[in-house]
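Here is the structure we will look at.
Number of protein chains: 4
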Amino acid sequence: MSLRERKAAKKKEDILRSASLVISRNGYQNATMEDIAAELLMTKGALYYYFKNKEELLYSCHDLILSAAMEKMEAIYLEESSSMDKMKRAIKTHLDIAIREKEVFNLIVKPEQLFSAEHIEEIIQKRDQYAGIFDKIIAEGVKRREFKVSDKKMARMIILGATNWVQVWYSPEGKFSKEKIEDIYADYFLKMLL
Amino acid sequence: MSLRERKAAKKKEDILRSASLVISRNGYQNATMEDIAAELLMTKGALYYYFKNKEELLYSCHDLILSAAMEKMEAIYLEESSSMDKMKRAIKTHLDIAIREKEVFNLIVKPEQLFSAEHIEEIIQKRDQYAGIFDKIIAEGVKRREFKVSDKKMARMIILGATNWVQVWYSPEGKFSKEKIEDIYADYFLKMLL
Amino acid sequence: MSLRERKAAKKKEDILRSASLVISRNGYQNATMEDIAAELLMTKGALYYYFKNKEELLYSCHDLILSAAMEKMEAIYLEESSSMDKMKRAIKTHLDIAIREKEVFNLIVKPEQLFSAEHIEEIIQKRDQYAGIFDKIIAEGVKRREFKVSDKKMARMIILGATNWVQVWYSPEGKFSKEKIEDIYADYFLKMLL
Amino acid sequence: MSLRERKAAKKKEDILRSASLVISRNGYQNATMEDIAAELLMTKGALYYYFKNKEELLYSCHDLILSAAMEKMEAIYLEESSSMDKMKRAIKTHLDIAIREKEVFNLIVKPEQLFSAEHIEEIIQKRDQYAGIFDKIIAEGVKRREFKVSDKKMARMIILGATNWVQVWYSPEGKFSKEKIEDIYADYFLKMLL
DNA sequence: GATGAATGAGAGTTCATTCAT
DNA sequence: TATGAATGAACTCTCATTCAT
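Which chain is which? The protein sequence lines are P, L, U and R, in order.
Residue numbers are given in full-length UniProt numbering: position 178 of the first sequence equals residue 178, and the series is strictly consecutive.
Residue numbers are given in full-length UniProt numbering: position 182 of the second sequence equals residue 182, and the series is strictly consecutive.
Residue numbers are given in full-length UniProt numbering: position 104 of the third sequence equals residue 104, and the series is strictly consecutive.
Residue numbers are given in full-length UniProt numbering: position 82 of the fourth sequence equals residue 82, and the series is strictly consecutive.
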């Protein structure tokens, strides 16, 4: 990669970070190209040098965050520890990202309203891949006789669903700390998985 | 109520139904007044005869569905049956609505991006009221020694969150029927509540 | 005139009065058919039974007021008194109407923006006729050697212009009473006319 | 000021000129953004690049003209000449502007129907400041014993009112030339002020 | 590489006007 | 006579996108 390319790649990342920020603030549909550019003290025209159009930018933004999340999850799965521990850490990590990247994460939930056919496929694929790690942790736990579940996929759905829901109501000023939530959630889920 | 008023009320309902439909198809932000009107073979101008503006229309739409849902839930809570049964039926009912009214239901999740301050308050209030019925069922179950939970509110959060999540992935052509899902979910949750 | 016709004529007058009111409140361009009708507890559709369209209604409204004003002015001109007295009373009367019917009176000033060709002609004609009475009073005064003016039409212009201007700044809560204003104005004008 | 900025400033001025023109033709309320843009062979969207909204554009338009007028008036007041001369020149100048910028000038008369609270205050303030210059000329004249008036403010009102009225009836094809009008007016007013 | 400027399509909203009942 | 309901045209404003410089 040449210097020029590296520079461009860095700029792209800056833009994506700026986009994430604006999206968090205003929501997806209300994040204008103008806003995103202003955050970086650029003009919106410049964004088109780095991204073909708004969809591409948004897609990259979503991809960046999902990829990072995936890496963390993979690492957790590959750790040498009990399935219960892995599940606990996976939930904790997922919660963390879901809260921090609230809006961007929501994209994963409803991609149809923003993305066109080509992207949707990729998004769903990646989303399934991400969810698949939870499946693998559960499967491993079942194999190791740590967990006892009637339907693995369904169990994963419940865990992910409940966890995703947290970002709807979580507030840093709320009654429960993130750590507390993580603990309670893990407890309930383990009751379910045993 | 005079014939005239009944007619007008009916028309309003027609519009709300049309709006629900368009929203389901295109999503909230992409549902234009034009689309909603076209669905009823009206012109968009006519909508303003019945609703002050788009926000009012959308709010009514959301209110109609949430109110209906609330009624059903209240009825379930007042039944004479075991808490476990009530919970099962509540989950089933919630699942039903969440799937059928997918988009409109999503409004309850993120009202800030569409509604102005006055409406948001009401929405959140109603939403909490709705969730409160689950709380009451759980509390009753605990009192009757049917359930044993460490934190009631958290348990409700998990149940609602997981159930809301279903609409993201559920498809009538999918592997699991609605009934099957309901059963499996109920089983898992009961494990959690015991 | 049959009973029916008399009834209709009365209704028309009611409408015009209502229109005057609404116009005073909101200004010409912001007076909607809806507003005018609402004032009379009618629906706007009904207005079209009495008036062909908005322009016709507005024109009638203006005509009613101008005609009444004209009558009063004519009467003043025909009185048996000094020209100075007549002028004083004319100014007083004009001031009175201009303040009370502020908005409607303004129509006389700028008819082009509201009325189409046919009406404009009539309006200007009537307006000139109205102004003509001032001319006649001045002319009479000159003939009687009460006044001494270089250019009669110009003198009238100044008097009418200055008087019309009063409605821009006059307020019932202001420093000067209507009577006081009338006196001061008359004094200044007489200085001019002598 | 950079070249860019100068260009932008020029464009803004062009737009204001175009706006003035359209307003003169169609009146304030009937001047659409489309019209204003068309006059400059732009699209209406481009106007929003330079002005936040229609009100802002209209306000700037009015401000530009009033500010220019004010400057001229100030200069007249500061001249070294008799009060009578100053008054003559002030009237002449005012007449000039009132006729040329007819419509824009009319805004000063009725700002309430177009502008929102914040602007109205500024407009009225500037309007009073403008009128204040006439007051100062009169006051000076009284002090120098050139004028003899019972009520200074009222005298100014009459002068301004009468002069404003000219634009209602003045026509370049009319019987009186602007110069002739100015002379006659000045004569009459001086009779009043002596 | 980036900017300023412009475009154009489309959104929500208002309102005079019409017409069946 | 009057109403409720609907139409359609016009208007303000927004924003992704383009492009000469």
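The beta-carbon is built from N, C-alpha and C at its ideal position, and this holds for glycine as well.
Per-residue contacts from residue i into chain U (C-beta, under 8 Å)
i, result
"R:Y130", "By Cβ distance, chain U contributes nothing, its closest Cβ being about 13 Å from R:Y130, past 8 Å."
"R:D187", "S150"
Interface flag, residue i vs chain U, CB-CB below 8 Å
i, result
"R:V142", "no"
"R:Q29", "yes"
"R:M157", "yes"
"R:D183", "no"
"R:M84", "no"
"R:M87", "no"
"R:M73", "no"
Residue interval of the alpha helix (DSSP H) (run including residue i)
i, result
"U:V134", "Here residue 134 of chain U is Phe; the residue named in the question, Val, does not match the sequence. U:F134 -> alpha helix (DSSP H) spans A117 to K143."
"P:N26", "L3 to N26"
"P:V166", "K152 to W169"
"L:E146", "It is not in any alpha helix (DSSP H) - L:E146 carries neither H nor E in the DSSP assignment."
"L:A31", "L:A31 -> no alpha helix (DSSP H), and no H or E assigned at all."
"P:K175", "Premise fails: P:K175 is in no alpha helix (DSSP H) and is neither H nor E."
Within chain L, partners of residue i - CB distance below 7 Å
i, result
"P:S116", "Simply none; closest approach about 13 Å."
"P:M33", "Chain L residues near P:M33: none, gap ~16 Å exceeds 7 Å."
Contacts that residue i makes with chain P (C-beta to C-beta distance below 9 Å)
i, result
"L:I137", "Going along chain P, no residue has its Cβ under 9 Å from L:I137, so there is no contact; the nearest lies around 17 Å."
Anticipated Cβ contact below 8 Å, residue i with residue j, distance rounded
i, j, result
"L:I99", "L:V166", "7 Å"
"P:M192", "L:M192", "5 Å"
"P:A162", "L:A162", "4 Å"
"U:I15", "U:L40", "6 Å"
"L:I138", "L:V149", "7 Å"
Under 7 Å by beta carbon: chain R residues contacting residue i
i, result
"U:N164", "G161 and W165"
CB contact below 8 Å: residue i versus chain R
i, result
"U:Q113", "yes"
"U:V104", "no"
"U:M70", "no"
Chain U residues whose Cβ lies nearer than 7 Å to that of residue i
i, result
"R:K191", "K191 and M192"
Residue i: contacting residues in chain R (beta-carbon distance under 8 Å)
i, result
"U:Y22", "The residue you asked about is not Tyr; residue 22 of chain U is Val in the sequence shown. Under the 8 Å cutoff, chain R gives no residues; its nearest Cβ is about 14 Å from U:V22."
Within-8 Å CB hit, residue i to chain L
i, result
"residue 208 of chain P", "Residue 208 of chain P is absent from the model: chain P starts at 1 and stops at 194."
"residue 198 of chain P", "Nothing about residue 198 of chain P can be read from this structure; chain P reaches only from 1 to 194."
Min CB distance residue i to chain P below 8 Å
i, result
"L:M42", "no"
Secondary structure, alpha helix (DSSP H): runs of 4+ residues fully inside the stretch 55 to 119 of chain P: As far as the stretch 55 to 119 of chain P is concerned, its whole alpha helix (DSSP H) runs of at least 4 residues are 83 to 100 and 102 to 109.
4-residue-minimum alpha helix (DSSP H) runs that sit fully inside the UniProt DNA-binding region "H-T-H motif" (32 to 51) of chain R, ordered along the chain: 33 to 39 and 44 to 50
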